[in-house]
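A.B. asks:
Residue numbers (our numbering), protein chains in the order written: chain A, 0 to 549; chain B, 125 to 436.
1. Going by beta carbon distance, what residues of the same chain come within less than 7 Å of residue 413(A), once the five residues before and after it are set aside?
2. Starting from the C-beta of residue 401(B), find all residues in its chain whose C-beta is less than 6 Å away, skip the five residues before and the five after it, and write them out in chain order.
3. Can you give the Cα-Cα distance for residue 423(B) and residue 354(B), rounded to whole angstroms?
4. So the beta strand (DSSP E) residue 444(B) belongs to, where does it begin and stop?
5. Helix, strand or coil, according to DSSP, for residue 387(A) in the structure here?
6. Whole angstroms are fine: how far does the CA of residue 426(B) sit from the CA of residue 475(B)?
7. Please report the straight-line C-alpha distance between residue 156(B) and residue 421(B), rounded to a whole angstrom.
8. Just the C-alpha distance for residue 296(A) and residue 397(A), rounded to the nearest angstrom, thanks.
9. Please confirm if residue 414(B) has its CB atom under 8 Å from at least one CB of chain A.
10. Verify whether the separation of the beta carbon atoms of residue 391(B) and residue 368(B) is less than 8 Å.
11. Tell me the DSSP secondary structure of residue 167(B) in three-state form.
12. Determine whether the beta carbon atoms of residue 410(A) and residue 534(A) lie at a separation below 8 Å.
13. Is the stretch 259-273 of chain B touching the stretch 132-145 of chain B in the sense that three or more CB pairs, one from each, lie closer than 8 Å?
14. Starting from residue 79(A), trace the alpha helix (DSSP H) in both directions and tell me its first and last residue.
15. So, is the C-beta of residue 494(A) closer than 8 Å to a C-beta in chain B?
16. Indicate whether at least one CB of chain E lies closer than 8 Å to the CB of residue 425(B).
17. Report the residues of the stretch 433-447 of chain A with a CB closer than 7 Å to any CB of chain B, ordered along the chain.
18. Strictly by DSSP, which residues pair up with residue 522(A)?
19. Cβ closer than 7 Å: which chain A residues qualify as neighbours of residue 162(B)?
20. Using only alpha-carbon positions, find the residue among 309(B), 162(B), 153(B) that is nearest to residue 294(B).
21. Report yes if the CB atom of residue 457(A) is closer than 8 Å to the CB atom of residue 331(A), and no otherwise.
22. Leaving out the 5 sequence neighbours to the left and right, which residues in its chain are closer than 7 Å to residue 214(B) when beta-carbon positions are compared?
23. Does DSSP classify residue 8(A) as helix, strand or coil?
24. Please list, in chain order, the chain A residues whose beta carbon lies closer than 9 Å to that of residue 125(B).
25. Do residue 442(A) and residue 464(A) have their CB atoms nearer than 8 Å?
26. Just confirm the distance between the C-beta atoms of residue 174(A) and residue 159(A), as a whole number of angstroms; I'd bet it's less than 8 Å.
27. With a CB to CB cut of under 8 Å and the five nearest residues on each side skipped, what residues in its chain are close to residue 179(A)?
28. Exposed or buried, which one is residue 502(A) when buried takes at least 16 other CB atoms within 10 Å?
29. Closer than 8 Å, CB to CB, is residue 128(B) near chain A or not?
30. Taking a cut of 8 Å between CB atoms, which residues from the stretch 140-160 of chain A lie near chain B?
31. Assuming residue 49(A) and residue 80(A) make a contact with CB atoms under 8 Å, what is their CB distance in whole Å?
32. Looking at the C-beta of residue 320(A), does it have a partner C-beta in chain B at a distance below 8 Å?
33. Pull up the distance between the alpha-carbon of residue 507(A) and that of residue 210(A), whole angstroms please.
34. At 8 Å on the CB atoms, spell out the chain A contacts of residue 159(B), in chain order.
35. Classify residue 406(A) as helix, strand or coil using the three-state DSSP reduction.
36. Which runs of the alpha helix (DSSP H) spanning at least 4 residues fall entirely within the stretch 159-188 of chain A, listed in chain order?
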């Protein structure tokens, strides 16, 4: 008699992989699960299939989620919830035409009065909405139809059941968007009346103690539609403060405010975005957040804060000011490029005297020796060939590197301290942490850099300190080539390390020496500071400039 | 880097790890927060709620952060029976403290005095009377059990309350003493009585570098009397085991600390007042909350100074 496949065990493995953000383990479990289901489809309960897809959604592994969903559906799984999760993965993967076909078929088969029928119509609305947004031009062929179809899909559900406020608020958002874009939608509902009705319904639920976090998000959007800043902020605070709201949900809310409502950080409602972003960053299961020049400076934030600070100042541990500080740090981060503009790595500014008293108040750029060094280390470029491009600073031309003040080779501290031709204005150097975080398995850290030498991003994905000693830190964060030379921060945005590499086979630290694991590695900034201070002490003793430690 | 030994106050609490995580979070939250883990500062919680209670409270968040009170949802405390069972000196002590705490154990928990009676001389804070009564009962029970080393049987195992809690505190202080950097004890409410007792009166307890008390009832004569031998008004400062400062943060409207909030005059060092009493106004009606103390700017200023972060 053949062994009964342990579906439950595989689903548990998948959940565990999701918790640890271990994509390799998740992929292995998915392959096994698909094999089991192919050979013994009866062994898979609908609830297991749903749990497996849910685990992948949590870790934002949408490609894997789609493949697993394909596998389940090919094996004959018929549960509408599995079809819906599969469609969701297809949408997240950006294959909107495919999603439309899948969901249109679901809408045909699932009646409006069933939960899955309503969900399918909502996702179909989302697909059309995404199509409209991605067209980027309201006059593009098919744009008006996509917007009208999105409104119709959501509105059908809301009309049938006005307690489906998620569908309702999407109608409101899209009708408002159509008004802004000058797109005329035939027999469009009155968005203000709908928003007021939705808000009243959720206020009533709240009075009865029955409003959920999702209701709070919807109410915030309804208040936004009605121009009530105080209410929008208050409801958003309830939403982000709820422990059940994960990064996936926050990302969806952020997308809605940015893409549909077209809010910008430097606009009138920028604080709503700032709070959402800050709270995403405080989640272990966040993601990379791209930042750019449109991100407002501190003064703008302070000006905007007047209407919101009272509400947001007390939300959990993460405030808009916390996000503001992240932006201050991001402004002091540069992409190191060669003179043709090709990106090589990342660098950041520190106050010279924080490393070596002889360097005074000058701002020094820090990067890896394998990015800039002399003699060249690995694939580094020479200092004279390097420029620092502060991509967050409007109007700032790339600044040439004019001197190499200190370097330590890639197998030592992997650091290069560079003097720039000029110092950018309005930049605050990094604040150095007093020490390294405790190694208690609960510390979060954050990396700001130019992964793949592209745009500046803040890496917040599973941003956990795994281990450390006095010289090295190991952490999980989605860094890519080009992140070399990025600053690594503790939760207070104080500098703790210089990122220098990451791979699947990194040798572990402390009592695990000799073992290997998947991690990123940064050089402890206190160790770098101590090395620079030692250099200063040697020079003060009259020694010749020491040979660079390569 | 530094190490902090926390000790909690009266009432039931979430499980030890959860409580420590909660206090760390409260201390790190908001503007000016001190994120101990990020700063490389280790911390341990001296947990003693399980000496009094059968199982941890399940509602992790409400104990320290909600604007109500701690978890008092437990079988009614029969302090009258405690009084009857007590020996005569205990009975006198309890009666005296109960009078100070301003509640009648035989009264109706649902009774709320008319608003016009809620004045400075009768009721110092406008919190629901029933809540205050229950709080005071818990306080009276916990402080009595500790100071009289009463047997507590929360589960199948019984404890000599003071012996057990002293042991836990002293062990935690020993672990902290083994670490590098300054070692600071932060005690809340009843935890201040326990920590003071150990730092002043337990020979085996190692010295610490700094001591912070928040929401402390140490100003009450009845408590000071039971901390003898050891305590005296002129030499009550635990100089033997507190090498640095003792900072006492209180709120006059804190139901527990407010009975006699400033303590420098009661815990002198060689006749000199050296305890630094700091009045901090906590928000809301319920001012005894550890989270509110730890969120306060004055508390954070003093802790930053003791950790060597600032010169305030």
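Just so it is clear, CB atoms sit at the ideal spot from N, CA and C, and this is done for glycine as well. Computed from a prediction, not measured in an experiment: that's the story for all the values here.
C.D. replies: With the structure as the only source:
1. For this step, residue 413(A) is matched to residue 414 along the first chain. Hits under 7 Å: 367, 368, 369, 407, 499, 522.
2. Here residue 401(B) refers to the residue found at position 277 when the second chain is read from its first residue. Cβ neighbours of residue 401(B) beyond the five flanking positions: 372, 386, 388.
3. As a working mapping, residue 423(B) is identified with position 299 in the second chain. As a working mapping, residue 354(B) is identified with position 230 in the second chain. Taking the straight line from one Cα to the other gives about 28 Å.
4. This structure leaves residue 444(B) out entirely; chain B is present only between 125 and 436.
5. Counting from 1 along the first chain, the entry for residue 387(A) is found at position 388. Here residue 387(A) sits in strand by DSSP.
6. Nothing in the structure corresponds to residue 475(B), since chain B is present only between 125 and 436.
7. Here residue 156(B) refers to the residue found at position 32 of the second chain. Here residue 421(B) refers to the residue found at position 297 of the second chain. C-alpha separation (whole angstroms): 7 Å.
8. Against the first chain, residue 296(A) aligns to sequence position 297. Against the first chain, residue 397(A) aligns to sequence position 398. Residue placement at residue 296(A) is flagged as unreliable, the pLDDT there being 46, under the threshold of 50; the coordinate-derived value follows with that caveat. Cα to Cα, residue 296(A) sits roughly 20 Å from residue 397(A).
9. Taking the first residue of the second chain as 1, we reach residue 414(B) at position 290. For residue 414(B), the answer is no, since every Cβ of chain A falls outside 8 Å of its Cβ.
10. Numbered from 1 along the second chain, position 267 holds the residue referred to as residue 391(B). Numbered from 1 along the second chain, position 244 holds the residue referred to as residue 368(B). Not closer than 8 Å, so no.
11. Along the second chain, read from residue 1 onward, the residue named residue 167(B) stands at position 43. Three-state DSSP puts residue 167(B) in a strand.
12. Position 411 of the first chain, counting from 1, holds the residue named residue 410(A). Position 535 of the first chain, counting from 1, holds the residue named residue 534(A). No. Outside cutoff.
13. yes
14. Locating residue 79(A) in the first chain gives position 80, counting from the first residue. From DSSP, the alpha helix (DSSP H) with residue 79(A) extends over 79-91.
15. If you number the first chain from 1, residue 494(A) lands on position 495. No, residue 494(A) does not count as interfacial toward chain B.
16. Structure shown: chain E not included; protein chains present are A and B.
17. 433, 434, 435, 436, 437, 439, 441, 442
18. If you number the first chain from 1, residue 522(A) lands on position 523. For residue 522(A), which the question treats as bridged, DSSP gives the partners 471(A), 497(A).
19. If you number the second chain from 1, residue 162(B) lands on position 38. By Cβ distance, chain A contributes 436, 442, 489, 490, 491.
20. Here residue 294(B) is taken as the residue at index 170 of the second chain, counted from 1. Looking at the Cα atoms, 309(B) is the closest of the given residues.
21. Along the first chain, read from residue 1 onward, the residue named residue 457(A) stands at position 458. Along the first chain, read from residue 1 onward, the residue named residue 331(A) stands at position 332. It is not a contact, given that the beta carbons lie outside the stated cut-off.
22. Walking along the second chain from the start, residue 214(B) turns up at place 90. Hits under 7 Å: 272.
23. Numbered from 1 along the first chain, position 9 holds the residue referred to as residue 8(A). The answer is helix: DSSP assigns residue 8(A) an H, G or I state.
24. On the second chain, residue 125(B) is found 1 positions in, with the first residue counted as 1. Neighbours of residue 125(B) on chain A, chain order: 433, 434, 435, 437.
25. As a first step, residue 442(A) is located in the first chain; it is residue number 443 there, counting from the start. As a first step, residue 464(A) is located in the first chain; it is residue number 465 there, counting from the start. For residue 442(A) and residue 464(A), yes; Cβs fall inside 8 Å.
26. Here residue 174(A) is taken as the residue at index 175 of the first chain, counted from 1. Here residue 159(A) is taken as the residue at index 160 of the first chain, counted from 1. No, residue 174(A) and residue 159(A) are not in contact; Cβ-Cβ is about 18 Å, not under 8 Å.
27. Here residue 179(A) corresponds to residue number 180 of the first chain, with the count starting at 1. Once the five neighbours on either side are set aside, the close Cβ partners of residue 179(A) are 261.
28. Locating residue 502(A) in the first chain gives position 503, where the first residue counts as 1. Residue 502(A) should be labelled exposed.
29. One-based indexing of the second chain puts residue 128(B) at position 4. No, residue 128(B) does not count as interfacial toward chain A.
30. none
31. Indexing the first chain from 1 puts residue 49(A) at position 50. Indexing the first chain from 1 puts residue 80(A) at position 81. 5 Å between Cβ atoms; contact.
32. Taking the first chain and counting its residues from 1, the one referred to as residue 320(A) is at position 321. It does: the Cβ of residue 320(A) has a partner Cβ on chain B nearer than 8 Å.
33. Start at 1 with the first residue of the first chain, and residue 507(A) comes out as number 508. Start at 1 with the first residue of the first chain, and residue 210(A) comes out as number 211. About 47 Å.
34. As a working note, residue 159(B) is residue 35 in the second chain. Those are 489, 490, 491, listed as they occur along chain A.
35. On the first chain, residue 406(A) is found 407 positions in, with the first residue counted as 1. DSSP places residue 406(A) in strand when its eight states are reduced to three.
36. 164-180
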